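Residue numbers (the numbering used here): 797 to 1044.
Structure representation (structure tokens):
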């Protein structure tokens, strides 16, 4: 009975992970995702930059929080998703998951870079320095290098199947850095402030500061969805054209 259920689940899984079902879906989802992202971004920027009060300690420099924190959260979330998809690809050889993982790489690298740059801009007036070599910042920099290494390895190997296997293994190896980034603010002494969203006892900011951050997080999230839909569809079509060309 369990084997029968497993076969049914896997057949369903393989069916809807096929290009036949995936491509029509993402072409419909992408435009809506971008529209929702734009609406949330406008709401987040207006409420965060014009309506939210300045922080009682940091003043208006705190407003970079609305750009920095959603990017920092998604930088690790995207990598974790990329690694999970890579693991699924290595186990079940479902090509679509490798393609989606590849689509996530440049997005994750961008979020990580945004978090590093905005963190430095925020840190200069707040801490009195652009950078400190503490666990949080160093592990975030390592995360950026992992993304860039993934992208570079993908470009370096010409054979598609070999490249997918190699970058999938790299993604899984690099996964060990994600909990270090995530939990470093809890177990290490640092200039970096503690968690804002997940502080003990609830968010450490008032609702008129929290909602703009949630709007911006949603904007980043829906932009990511739209981008991955378009990027993965582009990679699939590119792969199909290459196969057609090779067949002559």
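Ideal Cβ positions, reconstructed from N, Cα and C, are used throughout, including at glycine. In this text, all values refer to a predicted model and were calculated from it rather than measured experimentally.
Boundaries (first-last residue) of the alpha helix (DSSP H) holding residue i
{"i": "residue 940", "result": "931-952"}
{"i": "residue 1055", "result": "Nothing can be reported for residue 1055, as the shown portion of the chain is limited to 797 through 1044."}
{"i": "residue 849", "result": "No alpha helix (DSSP H) contains residue 849, which DSSP labels as neither H nor E."}
{"i": "residue 924", "result": "From DSSP, residue 924 is part of no alpha helix (DSSP H); its letter is neither H nor E."}
{"i": "residue 886", "result": "861-888"}
{"i": "residue 830", "result": "815-842"}
Residues of its chain near residue i, where Cβ-Cβ distance is below 6 Å and the 5 sequence neighbours each way are ignored
{"i": "residue 964", "result": "882, 885, 886"}
{"i": "residue 843", "result": "1008"}
{"i": "residue 1019", "result": "833"}
{"i": "residue 942", "result": "970"}
{"i": "residue 1034", "result": "none"}
Buried versus exposed, by CB contacts within 10 Å (16 or more), residue i
{"i": "residue 1037", "result": "exposed"}
{"i": "residue 1032", "result": "buried"}
{"i": "residue 918", "result": "buried"}
{"i": "residue 824", "result": "exposed"}
{"i": "residue 831", "result": "exposed"}
{"i": "residue 742", "result": "Outside the shown range of the chain, which is 797 to 1044, sits residue 742, and nothing can be said about it."}
{"i": "residue 847", "result": "exposed"}
{"i": "residue 889", "result": "exposed"}
{"i": "residue 863", "result": "buried"}
{"i": "residue 807", "result": "exposed"}
{"i": "residue 982", "result": "exposed"}
{"i": "residue 951", "result": "exposed"}
{"i": "residue 809", "result": "exposed"}
{"i": "residue 855", "result": "exposed"}
{"i": "residue 972", "result": "exposed"}
{"i": "residue 817", "result": "exposed"}
{"i": "residue 1041", "result": "exposed"}
CB of residue i within 8 Å of CB of residue j, strictly
{"i": "residue 901", "j": "residue 947", "result": "yes"}
{"i": "residue 977", "j": "residue 1003", "result": "no"}
{"i": "residue 867", "j": "residue 914", "result": "yes"}
{"i": "residue 897", "j": "residue 878", "result": "yes"}
{"i": "residue 1029", "j": "residue 840", "result": "no"}
{"i": "residue 829", "j": "residue 1022", "result": "yes"}
{"i": "residue 928", "j": "residue 903", "result": "no"}
{"i": "residue 1024", "j": "residue 876", "result": "no"}
{"i": "residue 966", "j": "residue 949", "result": "yes"}
{"i": "residue 837", "j": "residue 944", "result": "no"}
{"i": "residue 861", "j": "residue 909", "result": "no"}
Cβ shell of residue i (< 8 Å), same chain only, five flanking positions each side left out
{"i": "residue 797", "result": "The predicted model places residue 797 with a pLDDT of 46, which falls under 50 and marks its position as unreliable, so this point remains unresolved."}
{"i": "residue 813", "result": "890, 892, 893"}
{"i": "residue 968", "result": "879, 882, 883, 886"}
{"i": "residue 1026", "result": "822, 826"}
Cut-off 7 Å between Cβ atoms - residues of its own chain near residue i, not counting five sequence neighbours on either side
{"i": "residue 911", "result": "864, 867, 868, 871, 936"}
{"i": "residue 851", "result": "858"}
{"i": "residue 920", "result": "926"}
{"i": "residue 845", "result": "859"}
{"i": "residue 819", "result": "1029, 1032"}
{"i": "residue 899", "result": "1024, 1027, 1028, 1031"}
{"i": "residue 938", "result": "973"}
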